[in-house]
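Colleague: What follows is a structure written as structure tokens; I'll ask about it next.
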Amino acid sequence: MTHPEKPPEVWRRLPSAEWNDQTAAHLLRRTTWSARPADVRRAREEGLERTLDRLFPSAPLEWPRPPGLDGFEEEWRELQGKIREASGVEKRYLQREQRERSQAALQELRIAWLQGAAKPENAALAKWGLFLGDVYVVSADKVRNASFLWKHQEIVAAHALGPAPALTKAVSRSPAMATYLDLARSGKKAPNENFARELFELFVLGEGSYTERDIKEAARAFTGYRVDPRTGGFRFAAGQHDRGRKTIFGKTGAFTGDEVIDLAYEEPAAAEFLPRELARFYLSETPLPPEHVAALGGWWRGAGFDLRKLARTFFGSRLFFAEEYRGNLIKSPVQFYLGLLQDLDLEVTPLPRYSTSRLRQMGQELFRPPNVRGWVGGRAWINSSTLAVRRQLVQQLFAPLREENLNADEQRILAEARARGVDRFTVSDRWWDEHVGGAPEKAARQLVDALLPAGGAAERVIRTVRDFLAEGSSGRRDERRRMAAIAILQTPEYQLC
Amino acid sequence: MNNSALPFLPTTRREFLRRSTQGIGLLAFSRFAPSFLVQSTLAAAPAPEKDRTILVLVQLAGGNDGLNTVVPFEDADYYRLRPTLGIAKREVLPVSDTLGFHPACAALHELLRNGELGVVQNVGYPNPNRSHFRSTEIWETASDSGEFLTSGWIGRFMDNACAGAPTPEHPACVHVTGDQPQSFASEQEHSTFGLTPGVRGGGRNEGGRLLEAMLDGDDHQEGNAGFLKHTMMNALVTEKKVQRVLTGYRPETTYPDTGFAGALRSVAALIAAGFSTRVYFVSLSGFDTHGSQLPQHARLLRTLSEGLAAFQRDLKAHRLDGQVTTMTFSEFGRRPSENESGGTDHGTAAPLFVMGSRVKAGLHGSAPSLRLERNQDLTYSTDFRSVYATMLDRWLACESAAVLGGEFRGLPLFA
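Here the protein sequences come in this chain order: A and B. The first sequence runs 291 to 787 under our numbering. The second sequence runs 6 to 420 under our numbering.
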């Protein structure tokens, strides 16, 4: 890998002598969903460089298209046509039908995303896409057409490893973004400022690095961006575009939207904004020392704002592996859920009440972040009610599915999944056989080793579990073992990565 | 800002675990937590009185369009600025010769006529910020436009009102929102609790006791591990209590079938159960009406109006209305001139509602002037911190200058 210049000291590669089980586990926990013992061993043997190659390859992650999406797009267009011609009660009926269809499609997208992201080989890029999508936010709250939301995440995935300005430009043409931030309705007579404001505040520069006038002028450059109703793709309506001269960041010209994005990346704040977001998402809620952000940002600008280079430098750096950043980041609900599945060798249950609804209750509803800023993360994930749901989710994974309680649709979905060989929904006897056996002392140690990161707390948990297992009558051994596993996954330690 | 010279210190380790929750205070405290000092004077402080006053904050997230909430129906400028979005005079529900409510606010209109609803007009602050997040932060931390505070105004109220009090039986503040509102962030530790409608607490069984045993180690943890541990301990204790209250609650009225009304129903349940909680926080979102505003805004105002009215009816039936004041707030109002998408962009000042049987009903403050150029913004006439000062001094009985960091003139909101 060649850099335009060597990154500054703290951002240099971790010395190979320090690559061991602990550092490998740290890299895997932060860049993917979990660090199973076998994954750690493999990474340690391959070395840091090859592990980074594998986690952040040169080719972007291609998401398989969810099967129902083509049919949905066709339906949507058809209904759209009918709605235009209808009026009164009929119009309202059709609109409701359209909303319901989209809700159903969205539900499918969420499951499809989870299933794709749950594959260990996809984990790092899925998480990277989640990070970028948490910067370039769109939400089902406003984007009613579910296929736009899927397209948006495809756009982000496709540009996730290239230059950041290209990603920003592609996103400005994303139908979901055009809808979400009202670009699709912004005309030269009265430009809508929503996109221009968030472009500067939340995508590229950060609050305070622009003036209200910059926003008003930039809004003019983004006029005429439309969504083609026939294809659902981007269309430029030249007649609606303001071709006049604009003054932005003190520069004057008849700028287009793309040129405004280039101007924004020329601003000093652009070099530091995304690295700061990156550190907040992956490293620590406590902001990095400004000089470190400035150093990384300066180097990144020199590297052409390349996102893959940024990831490889960041995740391979001495700073990333520093002691103070180990095992103390609060897992997001998605990481908690997908990490549980990997640790327990399970697959996504394609039923909302076992998967997507749980994520929503934990505070992370896929494709529907709370607002333009996305999920705040860190300690904001945790309060008494989200913790209660985390605990319930663990219990759910250890209890057999009560299929007689499922409704007909749910039973059909499960049958379809099973026909495709997807059937590991709750913890099986096999998992117990492979991971836990023997006397209380040994069983307790095995459980903790399989489920908790090593550390001071682990010894305390082992003692408690050992005593608990030794207490019960032998007839209830399996039941107590199960309760112990559940409690371990509910501990504060398991909420951290 | 804290007028108590006594440090906030627990008397036992268990009490420490029960008291501490989210917030910056925990980190500051953790540094000397291992040595638990006994402050017997603290334990002797009086318990909160039974007739304490309660404040319910209702956030209208996204920026509520004030001009279409309280409509200046005699102002030609209003219709000039709002050629398609303006609400016609014959549709508004009049509250004065010149102003009236949006037609979706019928329930609020009735409350006003019953003497239970006040409207503070044109509330804002100097040098308004039009970013959702920054402006929400300004409102929640009660800062100046250019000032950055880490604690919220309710958090500082708790710092002042609760410092030195014995560990309360109930949380000091409760939020019915996914995240803890920034308003609750405090310098010291206070027990706060969040609940999500529709989420039931985990069952109490042997497994739950095992988890408690795992948490009960003597080792002291810093940072996020300590934070999680304390939050979990607290949650286990409070959860049991709250769950009992919510499932057993019998409201004295029918609440509308909306998430917002459901949240208010939960608040009523906790108040009726005699919780010593002083502040509740609920939120209704979707007010960021950049496009196709008319139907969306009407739906939101109806949800707000009918939810608040049901809550007030329920409180009255329980004879608790004398104890509770409810106030709304939103990060900003919207631009007086409508945009090309049938919506409105981010603006500045807006009216807010104050509801309660001890509230002086009717209009407070003065309406904004609409003699504006296209895309010009309203100039506020009442600083939002004047409203806060009134709530603190006149309702919560807490010296406002200590919480707001300065004197703000109160308003005659209470009879």
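Backbone N, C-alpha and C fix where the C-beta goes; we use that ideal spot for every residue, glycine too. Being a predicted model, the structure only gives us computed values, none of them experimental.
Using the C-alpha atoms, what's the distance from residue 567 of chain A back to residue 296 of chain B?
Modeller: Taking the first residue of the second sequence as 1, we reach residue 296 of chain B at position 291. Taking the first residue of the first sequence as 1, we reach residue 567 of chain A at position 277. If I take the Cα positions, the gap works out to 30 Å.
Colleague: For residue 495 of chain A, which residues of its own chain have a beta-carbon under 7 Å away from its beta-carbon, when the five flanking residues on both sides are left out?
Modeller: Within the first sequence, numbered from 1, the residue matching residue 495 of chain A stands at position 205. Result list for residue 495 of chain A: 554, 557, 559, 560, 563, in chain order.
Colleague: Just to make sure I have the definition right: I need the residues of chain B whose C-beta is within less than 7 Å of the C-beta of residue 782 of chain A. Which are they?
Modeller: Numbered from its first residue, the first sequence carries residue 782 of chain A at position 492. Going along chain B in sequence order, the residues near residue 782 of chain A (Cβ under 7 Å) are 230, 233, 234, 237.
Colleague: Output the boundary residues of the alpha helix (DSSP H) element that contains residue 412 of chain A.
Modeller: The residue you call residue 412 of chain A lines up with position 122 of the first sequence. Where residue 412 of chain A is concerned, there is no enclosing alpha helix (DSSP H), given that its DSSP letter is neither H nor E.
Colleague: With a floor of 3 residues, list each beta strand (DSSP E) that falls wholly inside the region 546-609 of chain A, ordered by position along the chain.
Modeller: Taking only runs of at least 3 residues, no beta strand (DSSP E) segment lies wholly in the region 546-609 of chain A.
Colleague: In chain B, what lies closer than 7 Å to residue 386 of chain A by C-beta?
Modeller: In the first sequence, the residue the question calls residue 386 of chain A occupies position 96. Neighbours of residue 386 of chain A on chain B: none; closest Cβ ~13 Å, over 7 Å.
Colleague: Taking any Cβ of chain A, which residues in the region 130-148 of chain B have a Cβ under 9 Å from it, in chain order?
Modeller: Going along the region 130-148 of chain B in chain order, one finds 134, 135, 136, 137, 138, 139 with a Cβ nearer than 9 Å to chain A.
Colleague: How long is the line joining the alpha carbons of residue 77 of chain B and residue 104 of chain B, rounded to whole angstroms?
Modeller: Within the second sequence, numbered from 1, the residue matching residue 77 of chain B stands at position 72. Within the second sequence, numbered from 1, the residue matching residue 104 of chain B stands at position 99. Cα-Cα distance, rounded: 5 Å.
Colleague: Residue 212 of chain B touches chain A at which residues, Cβ-Cβ below 7 Å?
Modeller: Along the second sequence, read from residue 1 onward, the residue named residue 212 of chain B stands at position 207. Within chain A, the residues near residue 212 of chain B are 773, 776, 777.
Colleague: Taking the alpha-carbon of residue 193 of chain B as reference, which of B:156, B:418, B:320 has the nearest alpha-carbon?
Modeller: The sequence position of residue 193 of chain B within the second sequence is 188, counting from 1. When each option's Cα is compared against that of residue 193 of chain B, the closest is B:156.
Colleague: Going by CA-CA distance only, name the one from B:378, B:407, B:415 that's closest to residue 86 of chain B.
Modeller: Counting from 1 along the second sequence, the entry for residue 86 of chain B is found at position 81. If we check each option's Cα against that of residue 86 of chain B, B:378 comes out closest.
Colleague: With distance defined between alpha-carbon atoms, name the residue in B:362, B:361, B:338, B:363 nearest to residue 352 of chain B.
Modeller: As a position in the second sequence, residue 352 of chain B is number 347, starting the count at 1. Of the candidates B:362, B:361, B:338, B:363, the one whose C-alpha sits nearest the C-alpha of residue 352 of chain B is B:338.
Colleague: Assess contact between the region 568-587 of chain A and the region 467-483 of chain A, defined as three or more Cβ pairs (one per stretch) separated by less than 8 Å. Is contact present?
Modeller: Output reads no: the region 467-483 of chain A does not touch the region 568-587 of chain A.
Colleague: In chain B, which residues lie with their C-beta within 7 Å of the C-beta of residue 657 of chain A?
Modeller: Along the first sequence, read from residue 1 onward, the residue named residue 657 of chain A stands at position 367. Going along chain B, no residue has its Cβ under 7 Å from residue 657 of chain A, so there is no contact; the nearest lies around 16 Å.
Colleague: Does DSSP put residue 93 of chain B in a helix, a strand or coil?
Modeller: Looking up residue 93 of chain B in the second sequence gives position 88. Residue 93 of chain B falls in the coil class under three-state DSSP.
Colleague: Does any CB atom of chain B fall closer than 7 Å to the CB of residue 484 of chain A?
Modeller: Position 194 of the first sequence, counting from 1, holds the residue named residue 484 of chain A. Output row for residue 484 of chain A: interface = yes.
Colleague: Kindly say whether residue 620 of chain A, judged by its beta-carbon, lies nearer than 7 Å to any beta-carbon of chain B.
Modeller: What you label residue 620 of chain A is simply residue 330 of the first sequence in a count that begins at 1. Yes, its Cβ sits closer than 7 Å to a Cβ of chain B.
Colleague: Rounded to a whole number of angstroms, what is the C-alpha to C-alpha distance between residue 301 of chain A and residue 343 of chain A?
Modeller: As a position in the first sequence, residue 301 of chain A is number 11, starting the count at 1. As a position in the first sequence, residue 343 of chain A is number 53, starting the count at 1. Their backbone Cα atoms lie some 18 Å apart in a straight line.
Colleague: Of the residues that make up the region 284-300 of chain B, which ones have a beta carbon closer than 7 Å to any beta carbon in chain A?
Modeller: Here the close residues are 295, 296.
Colleague: Looking at residue 384 of chain A: is its Cβ nearer than 7 Å to the Cβ of residue 369 of chain A?
Modeller: Here residue 384 of chain A corresponds to residue number 94 of the first sequence, with the count starting at 1. Here residue 369 of chain A corresponds to residue number 79 of the first sequence, with the count starting at 1. Result yes, Cβ atoms of residue 384 of chain A and residue 369 of chain A sit closer than 7 Å.
Colleague: With a threshold of 7 Å between beta-carbons, can residue 431 of chain B be considered close to chain A, or not?
Modeller: Because chain B spans 6 through 420 in this model, residue 431 of chain B falls outside it and cannot be assessed.
Colleague: Quick one: measure Cβ to Cβ for residue 158 of chain B and residue 147 of chain B, integer angstroms, because I've assumed they're closer than 8 Å.
Modeller: By 1-based counting over the second sequence, the position of residue 158 of chain B is 153. By 1-based counting over the second sequence, the position of residue 147 of chain B is 142. Confirmed, Cβ separation roughly 4 Å.
Colleague: Tell me whether the beta-carbon of residue 507 of chain A lies closer than 7 Å to the beta-carbon of residue 537 of chain A.
Modeller: Here residue 507 of chain A corresponds to residue number 217 of the first sequence, with the count starting at 1. Here residue 537 of chain A corresponds to residue number 247 of the first sequence, with the count starting at 1. Yes, Cβ-Cβ distance for residue 507 of chain A and residue 537 of chain A is below 7 Å.
Colleague: Does the count of Cβ pairs from the region 726-737 of chain A and the region 749-759 of chain A closer than 8 Å reach three?
Modeller: Yes: at least three Cβ pairs fall under 8 Å.
Colleague: Below 8 Å on the Cβ atoms is my guess for residue 622 of chain A versus residue 654 of chain A; work out the distance and round it to an integer in Å.
Modeller: Taking the first sequence and counting its residues from 1, one reaches residue 622 of chain A at position 332. Taking the first sequence and counting its residues from 1, one reaches residue 654 of chain A at position 364. Indeed they touch by this definition, with Cβ atoms about 6 Å apart.
Colleague: Residues in the same chain with beta-carbon distance under 6 Å from residue 303 of chain B, minus the five sequence neighbours each way, listed in chain order, please.
Modeller: What you label residue 303 of chain B is simply residue 298 of the second sequence in a count that begins at 1. Counting only Cβ-Cβ distances below 6 Å, and skipping sequence neighbours, we find 109.
Colleague: Determine, using beta carbons only, whether residue 372 of chain A comes closer than 7 Å to chain B.
Modeller: For this step, residue 372 of chain A is matched to residue 82 along the first sequence. Chain B, which has no Cβ nearer than 7 Å to the Cβ of residue 372 of chain A, makes this no.
Colleague: Return yes when the Cβ of residue 550 of chain A is within less than 7 Å of the Cβ of residue 509 of chain A, no when it is not.
Modeller: As a position in the first sequence, residue 509 of chain A is number 219, starting the count at 1. As a position in the first sequence, residue 550 of chain A is number 260, starting the count at 1. Their beta carbons are not under 7 Å apart, which means residue 509 of chain A does not touch residue 550 of chain A by this criterion.
Colleague: Could you give the distance in angstroms between the alpha-carbon of residue 301 of chain B and the alpha-carbon of residue 345 of chain A?
Modeller: Reading the second sequence from its first residue, position 296 is the one you call residue 301 of chain B. Reading the first sequence from its first residue, position 55 is the one you call residue 345 of chain A. Looking at the two C-alpha atoms, the distance is approximately 44 Å.
Colleague: Consider the Cβ of residue 751 of chain A: report whether some Cβ of chain B lies at a distance smaller than 7 Å.
Modeller: Position 461 of the first sequence, counting from 1, holds the residue named residue 751 of chain A. Chain B, which has a Cβ nearer than 7 Å to the Cβ of residue 751 of chain A, makes this yes.
Colleague: Determine which residues of the region 341-353 of chain B have a Cβ less than 7 Å from any Cβ of chain A, and write them out in chain order.
Modeller: Within the region 341-353 of chain B, the qualifying residues are 344, 345, 346, 350.
Colleague: Give me the Cα-Cα distance between residue 239 of chain B and residue 232 of chain B, rounded to the nearest whole angstrom.
Modeller: Numbered from 1 along the second sequence, position 234 holds the residue referred to as residue 239 of chain B. Numbered from 1 along the second sequence, position 227 holds the residue referred to as residue 232 of chain B. Cα to Cα, the separation comes out at about 11 Å.
Colleague: Do you know whose CA, among A:680, A:497, A:767, lies nearest residue 627 of chain A's CA?
Modeller: Stepping through the first sequence from its first residue, residue 627 of chain A is reached at position 337. It is A:680 whose Cα lies nearest to the Cα of residue 627 of chain A.
Colleague: Do we get a CB-CB distance below 7 Å when we pair residue 716 of chain A with the residues of chain B?
Modeller: Here residue 716 of chain A refers to the residue found at position 426 of the first sequence. No, because no Cβ of chain B sits closer than 7 Å to the Cβ of residue 716 of chain A.
Colleague: Please confirm whether residue 71 of chain B and residue 293 of chain B have their CB atoms less than 7 Å apart.
Modeller: Position 66 of the second sequence, counted from the first residue, corresponds to residue 71 of chain B. Position 288 of the second sequence, counted from the first residue, corresponds to residue 293 of chain B. No, they are not a contact pair.
Colleague: Using the beta-carbon count (16 or more within 10 Å), is residue 393 of chain A buried or exposed?
Modeller: For this step, residue 393 of chain A is matched to residue 103 along the first sequence. It is exposed - the Cβ of residue 393 of chain A has fewer than 16 other Cβ atoms within 10 Å.
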